[in-house]
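> Just dropping this structure here.
Written out as structure tokens, the structure is:
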């Protein structure tokens, strides 16, 4: 029986925290992926065929909707020429810098807000106000303040990611099992060790879940910013091609973004699984 | 030699905002949990504390552990007042309190890690204590991959790895099934016979209390004080069969008689107790 005298009230707004109790083991996961692909393939192929046939048959205007084969061949040319890699590189770089800054700011701030009730009360209202202001609405502000260069694009990705990370860090810190804190204290754990060895590791799953959401919004925000004000990047490629009526290039850009999004999601889910591997599969030994 | 001395320890808690309790016509937002506990425990003694639910036995352990401050009165270890967790006191909890992101081995190492023991030495010590509890082959398992009984073995190994002079155990076997509980009681006794550290063990089970203890301390219903101390004069080393002996039976009757009235009082008090303890 442990006495918990003062527990912080639960936070009002939290982002989805995936608490999968039983993670599938590696072979099962692979098997599942395989069956997802084999079962999902027909629909994907049908979609590709429709994309190919509809413009050729004249069902839709091929100027606005070139056939898939044409899009793919333009995509291939852009890969060969290195043009695509340049655009991808610059977009990912902007997103990465903004995201990294968000981590550096949000995680320490989240620890303070999660750990010190007074600090949280003092800052919560401001945080809630800011996080409900769209990063897209702020883009003109960033451009006015930071110019049309890299800084404004990095700012929008930072803004897009920082609140996911902040809120999930706060939630992670608050959800530390008080019994673990008590046990750690009983073993003479110093404040610094308590932070480093107890609070931080137990907050990691929540922080990683926030990061997963933050990375995606960072990338999507940078694409939007590049559409409005940039001379490079995937967003610029899509928008510029559209203005030039080079629709095959435009679709190649969109397709690239889709593939990056898929890969990123896969990587992030794998990373999240790795960070929480200790949750285990529920398999237990004899008594 | 006197190891732990608890004298006139009182402890009360503030209730949650808006809650009040009325005792003898006086309404207050504070609730008394410990009401002048006096207890002296000798070095190497195995003491069990029994008392009704919510009677503050855990709070008494917390005071001895230096995790909570007494409202008045003093707890001393080796003559020195306890004001913060003592380096030679270890605590074992009912819910194991293992770090889920650490393996069994890393969990045992934790206590040594925060004491600044070198990596090689703490690994060796941790392995020694894990093996003492028969956990060979489970060193690299995470708690989620261990049964309750094994998790508690890891937690006790972690507690013992620091060579504690005082081992505080708060209903450590209460969450386990009956067979596992029997096995762990015997394992604990076997290891305790070797190290003879001072143990203060809280339990709800009268049988467990008698089987393990040199002395059984019966606590009153809340606010708690020591009602009676029963010396258990059974030969050691003990095995589980001793529970069927006439002597054991006599102790069982004696402790139950002492406890019965208090349990009745505690049940009438339950509505109040449930608001401050969990």
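Chains as they are written, first to last, in the working numbering: chain H, 1 to 287; chain P, 1001 to 1278.
Where a beta carbon is used, it is the ideal one built from N, C-alpha and C, also for glycine.
Treat the numbers as computed from the prediction; the structure is a model and nothing was measured.
Hey, how far is the Cα of residue 21 of chain H from the Cα of residue 253 of chain H?
For the purposes of this step, residue 21 of chain H is taken as the residue at position 21 of the first chain. For the purposes of this step, residue 253 of chain H is taken as the residue at position 253 of the first chain. Because residue 21 of chain H sits at a pLDDT of 43, beneath the cut-off of 50, its placement in the model cannot be relied upon, and the following sentence gives the value as read from the coordinates. Their Cα atoms are separated by approximately 38 Å.
> Tell me the residue span of the beta strand (DSSP E) that contains residue 250 of chain H.
Stepping through the first chain from its first residue, residue 250 of chain H is reached at position 250. Looking at the DSSP string, residue 250 of chain H is not in any beta strand (DSSP E); the run it does join, the alpha helix (DSSP H), is 247-275.
> Quick one: Cα of residue 23 of chain H to Cα of residue 1151 of chain P, how far?
Counted from its first residue, the first chain places residue 23 of chain H at position 23. Counted from its first residue, the second chain places residue 1151 of chain P at position 151. Because residue 23 of chain H carries a pLDDT of 44, less than 50, the predicted location of this residue cannot be relied on, and the following value inherits that uncertainty. Answer to the nearest angstrom: the Cα atoms are 20 Å apart.
> Taking 8 Å as the cut-off, does the region 1067-1077 of chain P touch the region 1221-1237 of chain P (at least 3 CB pairs, one atom from each stretch)?
The answer is no - the region 1067-1077 of chain P does not touch the region 1221-1237 of chain P, with fewer than three Cβ pairs under 8 Å.
> Is the Cβ-Cβ distance between residue 52 of chain H and residue 72 of chain H less than 7 Å?
Counting from one through the first chain, the residue named residue 52 of chain H turns up at place 52. Counting from one through the first chain, the residue named residue 72 of chain H turns up at place 72. Not a contact, by the Cβ cut-off of 7 Å.
> If we call anything under 7 Å between Cβ atoms a contact, is residue 1156 of chain P one with residue 1092 of chain P?
Taking the first residue of the second chain as 1, we reach residue 1156 of chain P at position 156. Taking the first residue of the second chain as 1, we reach residue 1092 of chain P at position 92. Yes. Within cutoff.
> If the cut-off is 7 Å on Cβ atoms, which residues from the region 176-187 of chain H count as contacting chain P, listed in chain order?
Answer in chain order: 179, 180, 182, 183, 185, 186, 187.
> By the three-class DSSP mapping on this structure, what secondary structure does residue 1081 of chain P have?
Numbered from 1 along the second chain, position 81 holds the residue referred to as residue 1081 of chain P. Strand.
> Between the C-alpha atoms of residue 1243 of chain P and residue 1082 of chain P, what's the straight-line distance to the nearest angstrom?
In the second chain, the residue the question calls residue 1243 of chain P occupies position 243. In the second chain, the residue the question calls residue 1082 of chain P occupies position 82. Cα to Cα, the separation comes out at about 36 Å.
> Suppose you measure from the CA of residue 166 of chain H to the CA of residue 100 of chain H; what does that come to, to the nearest Å?
Taking the first residue of the first chain as 1, we reach residue 166 of chain H at position 166. Taking the first residue of the first chain as 1, we reach residue 100 of chain H at position 100. Those two C-alpha atoms are separated by around 13 Å.
> So, residue 1206 of chain P versus residue 1252 of chain P, is the Cβ gap smaller than 7 Å?
As a working mapping, residue 1206 of chain P is identified with position 206 in the second chain. As a working mapping, residue 1252 of chain P is identified with position 252 in the second chain. Closer than 7 Å, so yes.
> Let me see if you follow: with CB-CB separation under 7 Å, is residue 279 of chain H close to chain P or not?
Stepping through the first chain from its first residue, residue 279 of chain H is reached at position 279. Chain P contact via Cβ: present.
> In this structure, what does DSSP give as the bridge partners for residue 1092 of chain P?
Indexing the second chain from 1 puts residue 1092 of chain P at position 92. Note: residue 1092 of chain P sits in a beta bridge opposite P/1169.
> Quick check on residue 189 of chain H - is its C-beta less than 7 Å from some C-beta in chain P?
Within the first chain, the letter at position 189 stands for residue 189 of chain H. It does; some Cβ of chain P falls within 7 Å.
> Using a cut-off of 7 Å between C-beta atoms, extract the partners of residue 193 of chain H located in chain P.
Here residue 193 of chain H refers to the residue found at position 193 when the first chain is read from its first residue. By Cβ distance, chain P contributes 1114.
> Closer than 6 Å by C-beta to residue 1008 of chain P: which residues in its own chain qualify, once you throw out the five before and the five after it? Chain order, please.
Within the second chain, numbered from 1, the residue matching residue 1008 of chain P stands at position 8. 1036, 1073, listed in sequence order.
> In this structure, what does DSSP give as the bridge partners for residue 1030 of chain P?
If you number the second chain from 1, residue 1030 of chain P lands on position 30. DSSP output for residue 1030 of chain P lists P/1014 as bridge partner(s).
> Buried or exposed: residue 266 of chain H, going by 16 or more other Cβ atoms within 10 Å of its Cβ?
To locate residue 266 of chain H, count along the first chain from 1; it is residue 266. Exposed: under 16 other Cβ atoms inside 10 Å.
> To the nearest angstrom, how far is it from the Cα of residue 277 of chain H to the Cα of residue 202 of chain H?
Mapped onto the first chain, residue 277 of chain H falls at position 277. Mapped onto the first chain, residue 202 of chain H falls at position 202. When rounded, the distance between both Cα atoms is 13 Å.
> Could you list the residues in the region 96-128 of chain H with a C-beta less than 9 Å from some C-beta on chain P, going in chain order?
Cβ contacts with chain P: none found.
> Buried or exposed: which applies to residue 258 of chain H, given that a residue is buried once 16 or more other Cβ atoms fall within 10 Å of its Cβ?
Working through the first chain from its first residue, we reach residue 258 of chain H at position 258. So residue 258 of chain H counts as exposed.
> Among H/74, H/141, H/275, which one has its Cα closest to the Cα of residue 207 of chain H?
Residue numbering aside, residue 207 of chain H sits at position 207 when the first chain is read from its first letter. Minimum Cα distance to residue 207 of chain H is reached at H/275.
> What number of angstroms, rounded off, separates the C-alpha of residue 1004 of chain P from the C-alpha of residue 105 of chain H?
On the second chain, position 4 is the one that residue 1004 of chain P refers to. On the first chain, position 105 is the one that residue 105 of chain H refers to. About 48 Å.
> Between the alpha carbons of residue 1137 of chain P and residue 1162 of chain P, how many angstroms are there, rounded?
On the second chain, position 137 is the one that residue 1137 of chain P refers to. On the second chain, position 162 is the one that residue 1162 of chain P refers to. Residue 1137 of chain P and residue 1162 of chain P: Cα-Cα distance of roughly 22 Å.
> Cβ of residue 201 of chain H less than 7 Å from any chain P Cβ?
Translated into the one-based positions of the first chain, residue 201 of chain H becomes position 201. Yes, residue 201 of chain H lies at the interface with chain P (some Cβ there is under 7 Å from its Cβ).
> Roughly how far, in whole angstroms, is the beta-carbon of residue 1197 of chain P from the beta-carbon of residue 1172 of chain P, given that I think they are within contact range, below 8 Å?
Along the second chain, read from residue 1 onward, the residue named residue 1197 of chain P stands at position 197. Along the second chain, read from residue 1 onward, the residue named residue 1172 of chain P stands at position 172. That belief does not hold up - the Cβ atoms of residue 1197 of chain P and residue 1172 of chain P are roughly 14 Å apart, past 8 Å.
> Over the uninterrupted beta strand (DSSP E) stretch that includes residue 1265 of chain P, give me the two end residues.
Here residue 1265 of chain P refers to the residue found at position 265 of the second chain. Element bounds for residue 1265 of chain P: not the beta strand (DSSP E) but the alpha helix (DSSP H), 1246-1268.
> So if I threshold CB-CB distances at 7 Å, which residues from the region 1072-1090 of chain P count as touching chain H?
Correct list: 1085, 1087.
> Return the bridge partner residues of residue 1007 of chain P from the DSSP annotation.
Along the second chain, read from residue 1 onward, the residue named residue 1007 of chain P stands at position 7. Answer by DSSP bridge pairing, in chain order: P/1074.
> Under three-state DSSP, which class holds residue 115 of chain H?
In the first chain, the residue the question calls residue 115 of chain H occupies position 115. The answer is helix: DSSP assigns residue 115 of chain H an H, G or I state.
> Buried or exposed: where does residue 1268 of chain P fall if 16 or more other Cβ atoms within 10 Å of its Cβ makes it buried?
Looking up residue 1268 of chain P in the second chain gives position 268. Label assigned to residue 1268 of chain P: exposed.
> With a threshold of 8 Å on Cβ separation, who are the neighbours of residue 1213 of chain P within its own chain once the five nearest residues in sequence on each side are excluded?
Reading the second chain from its first residue, position 213 is the one you call residue 1213 of chain P. Counting only Cβ-Cβ distances below 8 Å, and skipping sequence neighbours, we find 1046, 1047, 1048, 1201, 1232.
> Taking its Cβ as the centre, do 16 or more other Cβ atoms sit within 10 Å of residue 1223 of chain P, making it buried, or is it exposed?
Along the second chain, read from residue 1 onward, the residue named residue 1223 of chain P stands at position 223. Buried, since its Cβ has 16 or more Cβ neighbours within 10 Å.
> State the CB to CB distance for the pair residue 1100 of chain P and residue 1266 of chain P, rounded to an integer number of angstroms; the pair is presumed to be in contact (CB under 8 Å).
For the purposes of this step, residue 1100 of chain P is taken as residue 100 along the second chain, with counting starting at 1. For the purposes of this step, residue 1266 of chain P is taken as residue 266 along the second chain, with counting starting at 1. 34 Å between Cβ atoms; not a contact.
> Based on DSSP bridge pairs, tell me the residues matched to residue 1224 of chain P.
The residue given as residue 1224 of chain P occupies position 224 in the second chain. DSSP, once it has assigned bridges, lists P/1034 as partnering residue 1224 of chain P.
> Mind checking who residue 1215 of chain P pairs with in its DSSP beta bridge?
Here residue 1215 of chain P refers to the residue found at position 215 when the second chain is read from its first residue. Residue 1215 of chain P is bridged to P/1047, P/1231.
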